[in-house]
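Counting in the numbering used here, the sequence shown runs from 16 upward without gaps. Read the structure below first, then the notes.
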Amino acid sequence: DYELCDNGSDDTDGEAIFDLTIKDGEVLGTDLDPGLYSVSYYETEAAAELGTGPIANPSAYQSPSATIWVRVTNNTTGCYDIVPLELIVNPLPEVNDPSPYTLCDENNPGDEQEEFDLTTKYTEIADDLNGLVFTIHHSYQDAEAGTNAITNPESYTNPSTTPVETLFVRVTVEATGCYRIVLLDVRVEPLPVLYPENIDPELTTLCDEDGDGIATFDLESMIEALENNGQNLEVTFHETAQDALNDLNPITNLSNYQNAIPYQDYIYIRVANTQSGCYNSTPYQLELTVIASPQVPDLEDITQCDDEDNNGQDGQAQVDLTQQDQVIYDGLEPANPDAIIHYFTSETFARAGAPRITNPGTYYASDEQEIWVRVEDPVTECYGITSFTIHFNQPLLLTTPALYTICETQLPNDGVETFDLTTRNNEILGDFGVGQGYTVVYYESQAQQEADQPIENPETYQNTDNAQTLYVTVTSPEGCKS
Numbered sequence: 016d017y018e019l020c021d022n023g024s025d026d027t028d029g030e031a032i033f034d035l036t037i038k039d040g041e042v043l044g045t046d047l048d049p050g051l052y053s054v055s056y057y058e059t060e061a062a063a064e065l066g067t068g069p070i071a072n073p074s075a076y077q078s079p080s081a082t083i084w085v086r087v088t089n090n091t092t093g094c095y096d097i098v099p100l101e102l103i104v105n106p107l108p109e110v111n112d113p114s115p116y117t118l119c120d121e122n123n124p125g126d127e128q129e130e131f132d133l134t135t136k137y138t139e140i141a142d143d144l145n146g147l148v149f150t151i152h153h154s155y156q157d158a159e160a161g162t163n164a165i166t167n168p169e170s171y172t173n174p175s176t177t178p179v180e181t182l183f184v185r186v187t188v189e190a191t192g193c194y195r196i197v198l199l200d201v202r203v204e205p206l207p208v209l210y211p212e213n214i215d216p217e218l219t220t221l222c223d224e225d226g227d228g229i230a231t232f233d234l235e236s237m238i239e240a241l242e243n244n245g246q247n248l249e250v251t252f253h254e255t256a257q258d259a260l261n262d263l264n265p266i267t268n269l270s271n272y273q274n275a276i277p278y279q280d281y282i283y284i285r286v287a288n289t290q291s292g293c294y295n296s297t298p299y300q301l302e303l304t305v306i307a308s309p310q311v312p313d314l315e316d317i318t319q320c321d322d323e324d325n326n327g328q329d330g331q332a333q334v335d336l337t338q339q340d341q342v343i344y345d346g347l348e349p350a351n352p353d354a355i356i357h358y359f360t361s362e363t364f365a366r367a368g369a370p371r372i373t374n375p376g377t378y379y380a381s382d383e384q385e386i387w388v389r390v391e392d393p394v395t396e397c398y399g400i401t402s403f404t405i406h407f408n409q410p411l412l413l414t415t416p417a418l419y420t421i422c423e424t425q426l427p428n429d430g431v432e433t434f435d436l437t438t439r440n441n442e443i444l445g446d447f448g449v450g451q452g453y454t455v456v457y458y459e460s461q462a463q464q465e466a467d468q469p470i471e472n473p474e475t476y477q478n479t480d481n482a483q484t485l486y487v488t489v490t491s492p493e494g495c496k497s
């Protein structure tokens, strides 16, 4: 029988191109001289018997499996004999193009070499492996010739210089030798890389304002720096290295994550390439640091009289805010004599550090105004804030009394009499001051008033001049003077 594998322009049509002439020698054998005998081929026995209509192209005869006839004729006598020839077209194996065989560069990352079990691709190449023989080759020529097959397909390591390599798989029907060759790409995909060194340190080191060692970190804002323009990356954060390795329990509140361990905590970062599926086999460790801010003591409000200017009832006066400095230094935890103290008109300004009150020693404040204090460690730049309120007690708005006039009681008219100055108290205090605990003190001169040298006997005061001007100071129960 003459057997060929399905070939030609369509290798699935069950036909092959036969060179019938290669059977000439087998038909003639050793007894018949090819110079004396002619060999011809026919599609039917009848045509062979008649010697008519021979196959015109016996060296390239396309046919399915069939029986043809060979006629051998004596060139001298015309006598002939015929013999059947069985043509058999064997099908090629049915195969599929395999998907690329991809491994991540986990074994010694960076060398772009991995160990492949190529045999795992056989079931993808052929649906039924029965009766098939697989060999894998480095070149198409070797696959065609069936030579130089890879000897260890179960543990094949790609060359270090070829992270992407095309191999040629020859699939042969064991019974017939018919084969097909398919291409198999093996690839070593690099592990995705992150760049934690690109993260702004201000994102991983935060100040602890309330002293509990816990701060709120914005992990989401770190991702762009971590990826460093990397493509097709998926970054997740985990509280343990094992969770990161197994892709379990990712942190979900990325924008407001609070560290679990006070002051110093570690979280772990997993990165995967969404196209290759490769991920870092060793999670990245990220340190989160919380630095204690100065713990500022509570401050008492500043209360003073609204008499530091010419208008003691306008609710505004000059205040020395720095009187709080020593209280702050004394109560600061931990103690820090180098701490920087600044005063602000709002909490927003205090947290931003600007604009601040530039003249805290002579600040012109308003009644019930809240003042914010920022106490900053000059080394860590961490700060604590607190506030206090300014209270102004108003001195009494006095009434200028009428001229105090009395008559001489005896001669001679010396212009000197005894005055009971206290009789003018109610007139000076007015309706809002009488009975409210105000103290009225009289002075002979403005200089004595400023020196606080009062008239000792205001009920029996004798004038020293006629007419004479006296000076009056009224002090409220809170100590405010008019």
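Note that the Cβ used here is the ideal one computed from N, Cα and C, for glycine as well.
Assignment of beta-bridge partners to A332 by DSSP yields A380. E249 is the residue among E302, Y283, T255 and E249 whose C-alpha sits nearest the C-alpha of S291. By the Cβ-count criterion, E204 is buried, with 16 or more other Cβ atoms from all chains shown falling within 10 Å of its own Cβ.
No Cβ-Cβ contact shorter than 8 Å links V110 with G29. From the listed residues D316, Y194 and L336, the smallest Cα separation to Y378 is found for L336. DSSP lists N408 as the beta-bridge partner residues of C320. Below 8 Å, too few C-beta pairs join the region 131-149 and the region 78-98 to call them touching: fewer than three. Assignment of P375 by DSSP, reduced to helix, strand and coil, places it in the helix class. Here the region 295-308 makes contact with the region 218-234; the two share three or more CB pairs at distances below 8 Å.
Where D96 is concerned, the enclosing beta strand (DSSP E) starts and stops at Y95 to N105.
Membership of V42 in the alpha helix (DSSP H) is indicated by the continuous run D39 to L43.
Fewer than three pairs of CB atoms, one per stretch, sit closer than 8 Å, so the region 66-84 makes no contact with the region 157-173. The criterion of a C-beta distance shorter than 8 Å is satisfied by Y116 and V201. CA-CA distance, Y486 to A332, rounds to 24 Å. Straight across, the Cα-Cα distance linking L198 with L100 is about 37 Å. For Y344, no pairing in a beta bridge is given by DSSP. Taking the CA atoms as reference points, Y137 sits about 16 Å from T166. When the alpha-carbon of T36 is set against those of V179, T27 and Y56, the nearest one is in Y56. By the Cβ rule, the region 33-49 does not count as touching the region 62-69, because fewer than three pairs are nearer than 8 Å. For T289, the CB contacts under 8 Å within the same chain, skipping 5 residues up- and downstream, are N247, L248 and E249 in chain order. Look at F359 here: in three-state DSSP terms it is strand.
Counting along the chain, L444 sits inside the alpha helix (DSSP H) bounded by residues N440 to L444.
Counting every other CB atom within 10 Å of its CB across the protein chains shown gives F131 a total of 16 or more, marking it as buried. Counting C-beta pairs closer than 8 Å gives fewer than three between the region 387-394 and the region 421-441, which falls short of the contact rule.
For A81, the enclosing beta strand (DSSP E) covers residues A81 to N89. Around the CB of F447, fewer than 16 other CB atoms lie within 10 Å, so the residue is classed as exposed. Rounded to whole angstroms, the separation of the alpha carbons of N440 and K496 is 15 Å. Between I405 and I343 the beta-carbon gap is near 16 Å, outside 8 Å, which marks them as no contact. Two segments are said to touch when three or more pairs of C-beta atoms, one from each, lie closer than 8 Å; by this definition the region 252-260 does not touch the region 209-225. Counting only the Cα atoms, L209 lies some 18 Å from I266. Only buried fits D258, as 16 or more other CB atoms lie within 10 angstroms of its CB. Here the C-alpha atom of Y476 lies approximately 59 Å from the C-alpha atom of E348. Unbroken beta strand (DSSP E) stretches of 3 residues or longer found wholly inside the region 453-493: 454-458 and 486-490, given in chain order. If you look at N167, you'll find it isn't in any alpha helix (DSSP H); DSSP assigns it neither H nor E. Rounded to the nearest whole angstrom, the C-alpha separation of Q409 and P277 is 49 Å.
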